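Those letters in the sequence shown? Residues 1 to 452, per UniProt numbering, in order.
Glycine included, each C-beta is placed from N, C-alpha and C at the ideal position.
Note that the coordinates shown come from a computational prediction; the quantities given were computed from them, not determined experimentally.
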Amino acid sequence: MQTVLAKIVADKAIWVEARKQQQPLASFQNEIQPSTRHFYDALQGARTAFILECKKASPSKGVIRDDFDPARIASIYQHYASAISVLTDEKYFQGSFDFLPVVSQSAPQPILCKDFIIDPYQIYLARYYQADACLLMLSVLDDEQYRQLSAVAHSLKMGVLTEVSNDEERERAIALGAKVVGINNRDLRDLSIDLNRTRQLAPKLGHGVTVISESGINTYGQVRELSHFANGFLIGSALMAHDDLNAAVRRVLLGENKVCGLTRAQDAKAACDAGAIYGGLIFVPSSPRAVSVEQAREVISGAPLQYVGVFQNADIADVCQKAAVLSLSAVQLHGSEDQAYVNALREALPRNVQIWKALSVSDALPARDYHHVDKYIFDNGQGGSGQRFDWSLLQGQPLDNVLLAGGLAADNCVQAAQVGCAGLDFNSGVESQPGIKDARLLASVFQTLRAY
1 MQTVLAKIVA DKAIWVEARK QQQPLASFQN EIQPSTRHFY DALQGARTAF ILECKKASPS
61 KGVIRDDFDP ARIASIYQHY ASAISVLTDE KYFQGSFDFL PVVSQSAPQP ILCKDFIIDP
121 YQIYLARYYQ ADACLLMLSV LDDEQYRQLS AVAHSLKMGV LTEVSNDEER ERAIALGAKV
181 VGINNRDLRD LSIDLNRTRQ LAPKLGHGVT VISESGINTY GQVRELSHFA NGFLIGSALM
241 AHDDLNAAVR RVLLGENKVC GLTRAQDAKA ACDAGAIYGG LIFVPSSPRA VSVEQAREVI
301 SGAPLQYVGV FQNADIADVC QKAAVLSLSA VQLHGSEDQA YVNALREALP RNVQIWKALS
361 VSDALPARDY HHVDKYIFDN GQGGSGQRFD WSLLQGQPLD NVLLAGGLAA DNCVQAAQVG
421 CAGLDFNSGV ESQPGIKDAR LLASVFQTLR AY
């Protein structure tokens, strides 16, 4: 153990001694109640588990979230998490034990105390502050220390997340009988990330062990792929860095998905409830799903989606006016708009409004070489046709700025998700008739996307 990790652990020993003076174990030990939220049980089940993390800062990134409000974060996480992790290290992560009861009161899930635990005192302290589980890192503990600390945790009915980062630690975790093993993809000696850690270490952990992949998980594609190796994921930085935390969680758990052609407020709500991030409003007069500004306002009143206006060879002033009055997150161009048009539009649009370009795919992938285009939609033909193109064209392509559209429904959305695009763009496949979304079809599609 050297470098970053050694320094943190040395400082932790100093912190523990100071805290023992300030808050002796004898002053609170009699008030400690055993945990009633079962960490091990929460991570069981057919679905992939998610431990979502409350984390203000880290040694590798500095401050990640300025407006760090643990209660608000937990109130969002509770809709998605199997358990919630709380960083309590003060010096390197700007954490606090005071965050634990706040999170515990804001969400019903088991709460994990994430810290560099080297002394039984820290576990008693964590339980006193309402943690239901604690992290024990084999990179900082020998076997005897681990046995002592895990025994204390289990005596308080707390769970233990046992962290490993190499083959030797994995062998030790098996020998020590760890129930839940976290594979840290970050090397705490130099802070580098390698997702191959999970692929290499997980298959050798054996049956009956719950495997959690930690660190460096940023995308739905990574989650889907690594879910073949791990039972769950611990995710923090990838979420904390985003202002819109709800959308950030959906992006990782479900993908960056859009429901297009919304014409009713109730359909916007159904799309949002199901798990969509984006709602599409079509301003192309020839479309059966076209809406006026007044209708669009009504749709937007239904749910806090990020709304995307769809235009086709429209007057730039008209696009900008609609983007402004409706506070659109993006405008999507569905016609023959060229680079000169995009340049002029970018100049005229507010900076915070993205430009998306739909590209028609037939027998070859079109070039994605526009300047000032933030995302592309790959569709078959003019959109809304319900037809799909040959997805095999996408194999091996970088698709992190592409949404896939065209004939997407519950029966093919998993196949579509595995193609590797940032997200999916649903329209006719979730309708009962053009422009009328079916809440049951929407729910079904998103449940299918989450079934991994």
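Among the candidates the options, whose CA atom is the shortest distance from the CA of residue i?
i	options	result
Ala314	Ala247, Arg297, Glu298, Glu337	Glu337
Ala443	Pro304, Ala276, Ile377	Ala276
Leu254	Ala317, Val160, Ala417	Ala417
Arg450	Leu25, Arg47, Cys320	Arg47
Arg127	Val291, Pro34, Pro434	Pro34
Pro288	Glu225, Phe50, Thr263, Ile300	Thr263
residue 474	Thr36, Ala81, His38	This structure cannot settle anything about residue 474, because the visible part of the chain is limited to 1 through 452.
Phe426	Ser292, Gly261, Phe283	Gly261
Leu424	Val293, Gly280, Ala151, Asn352	Gly280
Tyr77	Gln433, Asp400, Val252	Val252
Tyr370	Ser362, Trp356, Lys20, Phe283	Trp356
Met240	Asp66, Gln23, Ala18	Asp66
Ala271	Ser85, Val430, Thr448, Phe229	Val430
Cys113	Ala107, Ser106, Gln105, Ser96	Ser96
Ser104	Ser85, Lys91, Ile117	Ser85
Leu125	Ala153, Gly177, Ser286	Ala153
Gly221	Ala26, Ser27, Leu399, Phe446	Leu399
Ala348	Ala296, His372, Ala358, Ala173	His372
Thr162	Leu135, Glu171, Asp187, Arg172	Leu135
Using the Cα positions of residue i and residue j, report the straight-line distance between them to the nearest angstrom.
i	j	result
Val16	Ala6	15 angstroms
Cys421	Leu43	28 angstroms
Gly232	Ile123	24 angstroms
Pro120	Arg346	58 angstroms
Gln354	Val331	6 angstroms
Ser165	Gln145	18 angstroms
Arg250	Arg72	16 angstroms
Lys61	Asp69	19 angstroms
Gly335	Tyr341	11 angstroms
Ser237	Val9	21 angstroms
Ile32	Leu87	21 angstroms
Asp110	Gln130	Inspection of the sequence shows that residue 110 is occupied by Pro rather than by Asp. Roughly 9 angstroms between the two C-alpha positions.
Asp115	Gly206	26 angstroms
Leu326	Leu441	27 angstroms
Asn401	Lys375	5 angstroms
Gln29	Leu149	16 angstroms
Leu100	Leu52	14 angstroms
Leu141	Lys157	21 angstroms
Tyr452	Glu256	16 angstroms
Please work out which residues of its chain come closer than 8 angstroms, Cβ to Cβ, to residue i, disregarding the five sequence neighbours upstream and downstream, and give them in chain order.
i	result
Ala324	Pro350
Val63	Lys56, Ala57, Gln94
Ala49	Ala42, Leu43, Ser82, Ala83, Thr210, Ile212, Asn231, Gly232, Phe233
Thr3	Arg189, Asp190
Ala107	Ala74, Ser75, Tyr77, Gln78, Ala81, Ile84
Gln397	Leu365, Gly420
State the CB to CB distance for the pair residue i and residue j, rounded to an integer number of angstroms; the pair is presumed to be in contact (CB under 8 angstroms).
i	j	result
Lys258	Tyr40	So it is not a contact: roughly 37 angstroms between Cβ atoms.
Thr198	Asn218	Incorrect: roughly 14 angstroms between the Cβ atoms, too far for contact.
Val419	Leu403	At roughly 11 angstroms, the Cβ-Cβ gap does not stay under 8 angstroms, so Val419 and Leu403 are not in contact.
Ser329	Gln306	4 angstroms
Phe378	Ala405	7 angstroms
Between which residues of its own chain and residue i is the CB-CB distance below 6 angstroms, once the five residues before and five after are set aside?
i	result
Asp267	Lys437
Asn412	none
Asp98	none
Ala265	Glu298, Val299, Ser301, Gly302
Arg37	Pro110, Asp132
Ser155	none
Lys269	Gly302, Ala303
Lys91	Asp11
Closer than 7 angstroms by C-beta to residue i: which residues in its own chain qualify, once you throw out the five before and the five after it? Chain order, please.
i	result
Glu169	Leu138, Ser139
Val102	Pro70, Ala71
Ala13	Ile118
Could you name each continuous beta strand (DSSP E) segment of 3 residues or more that falls completely within the stretch 322–361, going from the start of the chain to the end? 330–333, 354–360
For the stretch 370–443, which segments carrying the beta strand (DSSP E) assignment without a break, of at least 3 residues, lie completely within its bounds, in sequence order? 375–379, 402–405, 423–426, 431–433
Just list the beta strand (DSSP E) runs in the stretch 77–131, keeping only unbroken ones of 3 residues or longer that don't cross its boundaries, in chain order. 83–87, 111–114
Enumerated in chain order, which unbroken segments of the alpha helix (DSSP H) with a length of 4 residues or greater are wholly contained in the stretch 31–74? 39–42
List in chain order: all unbroken beta strand (DSSP E) runs of 3+ residues lying wholly within the stretch 218–287. 232–235, 278–282
Sequence ranges, beta strand (DSSP E) only - wholly within the stretch 150–232, length at least 3: 159–164, 180–184, 210–214
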